[in-house]
Structure formats: structure tokens, C-alpha cells
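Trainee: Residue numbers (our numbering), protein chains in the order written: chain C, 1 to 329; chain U, 1 to 274. Just so it is clear, CB atoms sit at the ideal spot from N, CA and C, and this is done for glycine as well.
#1: Quick check on residue 129 of chain U: does DSSP put it in helix, strand or coil?
#2: Would residue 133 of chain C pass as an interface residue toward chain U - the criterion being a Cβ-Cβ separation below 8 Å?
#3: Can you name the residues of chain U whose CB is closer than 8 Å to the CB of residue 311 of chain C?
#4: Consult DSSP for residue 81 of chain C and reduce its assignment to one of helix, strand or coil.
#5: Any chance the segment 245 to 262 of chain C sits against the segment 68 to 84 of chain C, with 3 or more Cβ pairs inside 8 Å?
#6: Does any CB atom of chain U fall closer than 8 Å to the CB of residue 189 of chain C?
#7: How would you call residue 311 of chain C, buried or exposed, if buried means at least 16 neighbouring beta carbons within 10 angstroms?
#8: Does chain C have any CB closer than 8 Å to the CB of residue 230 of chain U?
#9: Can you check which of these residues, U:150, U:63, U:238 and U:123, is closest to residue 20 of chain U by C-alpha distance?
#10: According to DSSP, residue 88 of chain C sits in a beta bridge with which residue or residues?
#11: Residue 269 of chain U to residue 208 of chain U, Cα distance in whole Å?
#12: Got a sec: which bits of the segment 237 to 261 of chain U sit with their beta carbon under 9 Å from any beta carbon on chain C, in order along the chain?
#13: Quick one: give me the first and last residue of the alpha helix (DSSP H) that residue 151 of chain U is part of.
#14: In angstroms, rounded to a whole number, what distance separates the CA positions of residue 199 of chain C and residue 92 of chain U?
#15: Contact criterion: CB-CB distance below 8 Å. Does residue 182 of chain C meet it with respect to chain U?
#16: Measuring CB to CB, does residue 88 of chain U end up less than 8 Å from residue 182 of chain U?
#17: I'd like the ranges of any alpha helix (DSSP H) spanning at least 4 consecutive residues and lying wholly in the segment 197 to 241 of chain U.
#18: On the criterion of 16 or more Cβ atoms from any shown chain inside 10 Å, does residue 197 of chain U qualify as buried, or is it exposed?
#19: Just checking my contact of residue 79 of chain U with residue 193 of chain U at CB under 8 Å: how many whole Å lie between their CB atoms?
#20: Would residue 119 of chain C count as contacting chain U if we go by Cβ distances under 8 Å?
#21: Once DSSP output is grouped into helix, strand and coil, what is the label at residue 387 of chain C?
#22: Check whether the segment 112 to 119 of chain C and the segment 221 to 238 of chain C touch, using three or more Cβ-Cβ pairs below 8 Å as the test.
#23: Around the C-beta of residue 182 of chain C, are 16 or more other C-beta atoms found within 10 angstroms, so that it is buried, or is it exposed?
#24: Residues in the segment 119 to 144 of chain U with C-beta within 8 Å of chain C's C-beta atoms, listed in sequence order?
#25: Enumerated in chain order, which unbroken segments of the alpha helix (DSSP H) with a length of 4 residues or greater are wholly contained in the segment 180 to 227 of chain C?
#26: Say whether chain C places a C-beta atom closer than 8 Å to the C-beta of residue 212 of chain U.
#27: By alpha-carbon positions, which one of C:204, C:2, C:69 and C:146 ends up nearest to residue 107 of chain C?
#28: Give the secondary structure of residue 172 of chain U by DSSP, where H, G and I count as helix, E and B as strand, and everything else as coil.
#29: Please list the partners that residue 202 of chain U has in chain C, where partner means a Cβ-to-Cβ separation under 9 Å.
#30: Can you round the beta-carbon distance between residue 289 of chain C and residue 299 of chain C to whole angstroms, since I take them to be within the 8 Å contact cut?
#31: Apart from the five residues just before and just after residue 200 of chain U, which ones in its own chain have a Cβ nearer than 6 Å to its Cβ?
#32: Which same chain residues end up closer than 8 Å to residue 329 of chain C when comparing Cβ atoms and leaving out the 5 residues on each side of it in sequence?
#33: Quick one: is residue 304 of chain C near chain U, going by C-beta distance under 8 Å?
#34: Can you tell me whether residue 329 of chain C is helix, strand or coil according to DSSP?
#35: Enumerate in chain order the residues of its own chain whose CB-to-CB distance from residue 109 of chain U is below 8 Å, with the five nearest sequence positions on each side excluded.
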């Protein structure tokens with residue numbers, strides 16, 4: 001199978017999956033008891049709004065027309081109104097998406113870089129004390145529920161040491177001060193930086209253990225291969241050999257990176273909730289507790305879309321850098 | 001050994017705990033003058049103090065062992081049985097059935113678990129068992145994949161061919177020859193999956209989407225967090241979280257021991273099981 005056909009097939013599969021999630025949500029929310037316009041619109045809306053809403057969503061039409069309208073609305077990013085704020089969902093969710101990114105992207109990246117280093121160091125010290133004991137603290141961090149890790153951070157660094165604020169993303173006073181500036185201005189304030197430290201550290205710690213362990217396993221595997229032995233025989237210095245080992249064992253870790261990133265965006269729910277970080281996960285929990293279904297529906301779709309697209313990116317990336325991957329499956 | 005001991009201890013607490021605790025999990029504790037002891041620091045009578053509602057923390061912790069064990073057992077059983085069935089069938093039977101089963105497994109990989117649980121709870125209402133079943137219904141995916149690839153290898157081995165030529169039926173071969181060979185991997189995933197399930201269920205409890213009246217450790221952490229006394233009432237906020245962590249760590253370490261016996265490289269499965 002040619003590369004082009006492979007890409008086309010993967011793109012088709014990805015679009016199919018996204019459609020499947022949308023369809024699943026459509027029917028799931030129509031299985032619920034109650035009128036759909038009560039669910040997707042805030043309660044006590046005036047009749048004009050309801051009429052307009054029903055018109056735009058085509059709620060008087062047969063189900064299949066509604067279904068197409070629903071898909072169309074999602075593509076236009078008009079997934080209804082939030083019960084909590086009476087705003088269109090997209091208007092307030094878009095900032096939450098950005099806030100999750102600004103937390104997850106640097107933190108996961110750092111966790112992967114650190115993890116690769118830890119994995120290489122422990123993997124090359126096979127049989128030594130380091131190899132035996134480093135995985136234990138890593139597994140311990142992996143076993144602590146993320147919300148409890150976040151709480152421990154708050155107790156130590158915010159409660160006892162008092163170095164950092166405990167919750168939210170920025171001081172409301174500071175946010176007001178910059179309310180007339182462009183939206184990105186608040187991300188360059190000291191208040192934001194102080195609020196950023198604890199959630200950031202928690203995410204790094206939490207996502208450190210998987211890349212470390214996978215890198216270690218991979219390094220051990222690579223070490224057993226012939227070419228490393230020959231590199232040793234040719235008398236290359238240790239640093240050069242380590243570089244080569246790291247290069248050859250990093251593939252599984254690189255593969256896991258986008259998937260972890262996408263999963264983190266969903267998994268950050270707990271850490272965001274503990275720190276009241278106004279990200280997607282936080283929005284989802286608030287929406288579920290407020291029974292704000294339009295928001296629940298949209299945020300879940302965005303999170304699922306990230307996972308699906310990340311899987312797609314990995315497949316493409318893998319087929320490009322690793323010629324051994326079969327394109328036929 | 002310590003880890004096995006700790007797991008036995010939690011199991012024991014779950015079975016006999018509620019029989020030996022001095023106070024009920026929602027029994028208010030009164031001081032000598034007849035007032036309710038809200039958030040009292042630890043004393044001899046109440047070694048872990050009381051909560052902001054005046055409940056005895058130690059008693060609540062003992063009660064909390066049972067929901068934890070139930071979570072681990074129910075989702076562990078689901079992960080094991082669904083994962084083994086799908087893995088063995090798609091690996092051994094193969095063909096169109098195997099393909100469909102594997103596509104289905106791939107599909108579950110695009111489900112973000114906690115957000116999915118939140119959506120399901122939003123629609124069908126919150127509940128203790130609902131939260132466990134959602135976890136079990138998704139987390140089998142790693143086991144199914146690993147078992148399938150193992151079965152694909154075992155299938156090509158001479159003793160399977162020998163069994164086939166001597167006229168053994170497919171179910172017979174699966175039960176007699178395939179299952180015993182993949183069982184250790186299943187048990188490894190049972191340990192790891194149980195650990196993950198306990199963490200995730202505690203997370204859902206913490207988010208407030210499970211039954212708040214089941215006195216689980218996750219709910220206790222949530223109550224302490226909500227009360228805003230995390231840093232001042234350490235006797236209440238820390239023990240339940242540490243117990244979850246140690247229980248899960250014990251399961252992970254047990255899995256690590258198992259894995260080093262089954263395969264040469266440890267800790268690669270811990271990524272698959274999540």
C-alpha cells in the first residue's frame with residue numbers, strides 16, 4: 001500500500017471516529033427524560049429565545065433533520081447555550097481550552113524530557129543499586145491519586161510554607177486591572193506565574209513515572225542488541241554511546257508523548273478541580289454538577305477529539321520515521 | 001511481602017472492620033460536657049480526631065476499606081474477564097470476528113475515561129456501582145491487546161498443532177492449552193488494573209459524582225478538601241489519601257514482582273494497564 005493511500009485511510013478512520021463520538025452524544029442526550037430544549041437551553045428562557053433556539057436547532061423537524069442540523073452546528077462551533085452563564089458555550093469554553101493547554105503542554109513536555117533522562121540513566125545501570133531503587137519512588141508517585149498529590153502540594157507549599165496561592169489561576173484584582181487589555185495580557189503577570197507553579201509541578205510529578213519506566217525498559221532492550229556491543233568494541237567513549245542508546249530507545253517514549261498529552265487533557269480534570277484552575281476539566285465538572293448539558297456535550301467532544309487526533313498523529317508519525325511499520329493493517 | 005501483607009490487612013478490614021469499630025461512620029462524637037466535638041485534634045479516645053461534622057475519623061477509615069475492596073474486586077473482575085475473553089477470541093479465532101473485536105478495542109482507546117464517566121453520570125445519575133462499572137467497562141482494553149498478541153504467538157507453537165491434528169476441538173484447545181499459557185499475564189493485569197481502578201474510582205468520588213453516602217476514602221478526602229481545613233486538620237485530610245496510595249502501591253509492587261517472573265523486562269505492562 002502506498003503512503004498516500006495509507007494517509008487517506010487513516011484520515012477517513014479519524015473522521016469516522018469523530019463522527020461516531022458526535023452521534024453517540026446526540027443519541028445519549030436524547031435518551032434522557034425531558035424536553036431537549038429545556039436541557040440545552042437555560043431554564044426560564046423567554047418564549048422568543050426558545051422559538052429562535054428551536055428554529056436554529058430544527059427541533060420541530062423530524063429526528064434525521066435534527067441530527068444533520070446538530071452536526072452542522074457542531075462544525076460551526078455553535079453547540080448551544082450554557083445553563084450556567086446564559087452565554088453561547090463556545091464563548092466561555094474557548095478560554096478554558098486555552099487554560100488547559102497552557103498548563104498541560106509545558107508540564108507534559110518537561111515530564112517527558114525528565115523521564116527520558118531518568119529512564120536512560122537507570123536503564124544503563126542494569127543490576128546496580130540505582131536500577132533497583134529508582135523505580136520504587138516513581139511507582140509510589142504513580143500510585144498516589146492525582147487529586148491527593150495536588151492536595152499534598154497545597155498542604156506543604158501553600159499551607160505550611162505559604163509560598164504560593166492555593167487556588168484559581170490569577171488574582172481577581174489583577175485580572176480586573178487588565179480587563180481592558182488584550183486577552184493574553186493576564187498570562188504575563190506575576191500573579192499568574194505564582195498561581196501556575198503548584199499545578200505545573202503537580203502535573204510534571206504525576207506524569208513523570210510513565211515515560212521514565214518506558215524509557216528504562218526500552219533502554220534495557222536496546223542495550224541487549226548487537227550494534228551497542230560493537231560500538232563498545234570500537235572504543236567509543238561512554239558519552240557517545242549513551243547518546244546513541246538514548247536515540248535508539250526513545251521511539252516508544254516519543255510515541256507515547258502525544259497520547260499522554262491528549263489523555264492528560266482529559267485526566268487533568270482532577271488536578272484542575274483541586275486548584276480551581278479554569279481549564280476544560282474544571283468546566284466539565286462544573287457543568288456536570290450544574291446539569292449544564294450543552295457544555296458537557298461540547299467539552300466532552302473536544303476532549304475526545306484531542307485523543308482521537310493524537311492517535312492519528314502518532315500513526316502518521318510512526319509510519320514516517322519507522323520504515324518497519326507495516327502500512328497494510 | 002510487606003505489600004502482600006498490606007493488601008491482606010485491607011481485605012481483613014473490609015470483612016470484619018465494621019464489626020469492630022467503636023463508632024458508626026455517621027455517629028456524632030460528644031465531648032464530656034455534651035457538646036459535639038467538631039474537628040477535634042487526636043486524643044486517646046479518638047486516635048485520628050474527628051471531622052468537621054463531629055464523626056470519628058478512625059471509624060470512618062475502617063468503614064472506608066469495604067468500598068475500596070468492592071471497587072477493586074468488581075472492576076478487577078470485569079477487566080480480567082472481558083479482557084481475557086476478547087484477547088483470546090480475537091487472537092485464536094482471528095478472521096473477521098477477531099478483526100471486529102480488535103477494532104472495538106481500538107475504539108475504547110479513544111475514550112477519555114474520567115470525562116466519559118462524568119458524562120455518563122450526568123445523564124444516568126451518580127452512584128457507587130455506576131462509577132465502578134464504567135471503569136471496568138473501559139480498562140480491559142490493555143489486557144485484550146496484550147493477550148491477543150500473546151495468543152497469536154502461542155497459536156504457532158508445535159503443541160497447538162499437535163492438539164489440532166489429534167482432533168481436539170477449538171474450545172478444548174483454548175481451555176486446555178491457550179488459557180494456562182496466558183493466565184499469568186491476566187493475573188498481572190488483574191493486579192495492575194485493580195490498582196488503577198481504585199485510583200480512578202477515588203478520583204470520581206473526589207469530584208463528587210459518586211454516591212456521597214458510601215463512606216469511601218475518596219469521599220473522605222473530598223469532605224476534607226471541601227471543608228477548607230486540609231492544612232489545619234491533618235489528622236483528617238491525610239490518612240485516607242495515604243491509605244489509597246499505599247493500597248495501590250502494594251498492588252503495583254505485587255504486579256512488578258509477577259512481571260519480573262513472567263517476562264524479563266519489568267514495568268512495561270504498567271503503561272498498558274492504565
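Mentor: So, from the listed chains and residues:
#1: Walking along the second chain from the start, residue 129 of chain U turns up at place 129. Residue state, collapsed to three classes: helix.
#2: Position 133 of the first chain, counted from the start, is the residue given in the question as residue 133 of chain C. No, residue 133 of chain C does not count as interfacial toward chain U.
#3: For the purposes of this step, residue 311 of chain C is identified with residue 311 of the first chain, where counting begins at 1. Simply 109 and 110.
#4: On the first chain, position 81 is the one that residue 81 of chain C refers to. It is a strand residue.
#5: no
#6: Numbered from its first residue, the first chain carries residue 189 of chain C at position 189. No, residue 189 of chain C lies away from the interface with chain U (no Cβ there is under 8 Å from its Cβ).
#7: Stepping through the first chain from its first residue, residue 311 of chain C is reached at position 311. When all chains shown are included, residue 311 of chain C counts as buried.
#8: Position 230 of the second chain, counted from the first residue, corresponds to residue 230 of chain U. By this cut-off, residue 230 of chain U is an interface position.
#9: Residue 20 of chain U sits at position 20 when you count from the first residue of the second chain. Of the listed residues, the one whose Cα sits closest to residue 20 of chain U is U:63.
#10: Looking up residue 88 of chain C in the first chain gives position 88. Looking at the DSSP assignment, residue 88 of chain C forms a beta bridge with C:81.
#11: Here residue 269 of chain U refers to the residue found at position 269 when the second chain is read from its first residue. Here residue 208 of chain U refers to the residue found at position 208 when the second chain is read from its first residue. Answer to the nearest angstrom: the Cα atoms are 30 Å apart.
#12: 237, 238, 240, 241, 242, 244, 245, 246, 247, 248, 249, 250, 251, 252, 253 and 256
#13: By 1-based counting over the second chain, the position of residue 151 of chain U is 151. From DSSP, the alpha helix (DSSP H) with residue 151 of chain U extends over 141 to 155.
#14: Within the first chain, residue 199 of chain C is the residue found at index 199, counting from 1. Within the second chain, residue 92 of chain U is the residue found at index 92, counting from 1. Taking the straight line joining both Cα atoms gives about 46 Å.
#15: Within the first chain, numbered from 1, the residue matching residue 182 of chain C stands at position 182. False, the Cβ-Cβ gap to chain U never drops below 8 Å.
#16: Mapped onto the second chain, residue 88 of chain U falls at position 88. Mapped onto the second chain, residue 182 of chain U falls at position 182. Yes, the pair counts as a contact, with Cβ atoms nearer than the cut-off.
#17: 217 to 227
#18: Translated into the one-based positions of the second chain, residue 197 of chain U becomes position 197. So residue 197 of chain U ends up on the buried side.
#19: Locating residue 79 of chain U in the second chain gives position 79, where the first residue counts as 1. Locating residue 193 of chain U in the second chain gives position 193, where the first residue counts as 1. Yes, they are in contact, since the Cβ atoms of residue 79 of chain U and residue 193 of chain U sit about 4 Å apart, within 8 Å.
#20: Here residue 119 of chain C corresponds to residue number 119 of the first chain, with the count starting at 1. Chain U, which has no Cβ nearer than 8 Å to the Cβ of residue 119 of chain C, makes this no.
#21: Nothing about residue 387 of chain C can be reported from this structure: the residues present for chain C run from 1 to 329 only.
#22: no
#23: Here residue 182 of chain C refers to the residue found at position 182 when the first chain is read from its first residue. With fewer than 16 Cβ atoms within 10 Å of its Cβ, residue 182 of chain C is classed as exposed.
#24: Cβ contacts with chain C come from 119, 121, 122 and 123.
#25: 190 to 206 and 209 to 223
#26: Along the second chain, one-based indexing puts residue 212 of chain U at 212. It does not; no Cβ of chain C falls within 8 Å.
#27: Your numbering for residue 107 of chain C matches position 107 in the first chain. Residue 107 of chain C has its Cα closest to that of C:204, out of C:204, C:2, C:69 and C:146.
#28: For this step, residue 172 of chain U is matched to residue 172 along the second chain. DSSP places residue 172 of chain U in helix when its eight states are reduced to three.
#29: For this step, residue 202 of chain U is matched to residue 202 along the second chain. The contacting residues are 145, 147 and 148.
#30: For the purposes of this step, residue 289 of chain C is taken as the residue at position 289 of the first chain. For the purposes of this step, residue 299 of chain C is taken as the residue at position 299 of the first chain. Rounded, the Cβ-Cβ distance is 13 Å, inconsistent with contact.
#31: Indexing the second chain from 1 puts residue 200 of chain U at position 200. Same-chain partners within the cutoff: 135.
#32: Along the first chain, one-based indexing puts residue 329 of chain C at 329. In this prediction, residue 329 of chain C scores a pLDDT of 45, lower than 50, which makes its location untrustworthy; no coordinate-derived value is stated.
#33: Locating residue 304 of chain C in the first chain gives position 304, where the first residue counts as 1. The Cβ of residue 304 of chain C sits closer than 8 Å to at least one Cβ of chain U.
#34: Looking up residue 329 of chain C in the first chain gives position 329. Below a pLDDT of 50, predicted positions are generally treated as unreliable, and residue 329 of chain C, at 45, falls in that range; no measurement from the model is reported.
#35: Counting from one through the second chain, the residue named residue 109 of chain U turns up at place 109. Same-chain partners within the cutoff: 141.
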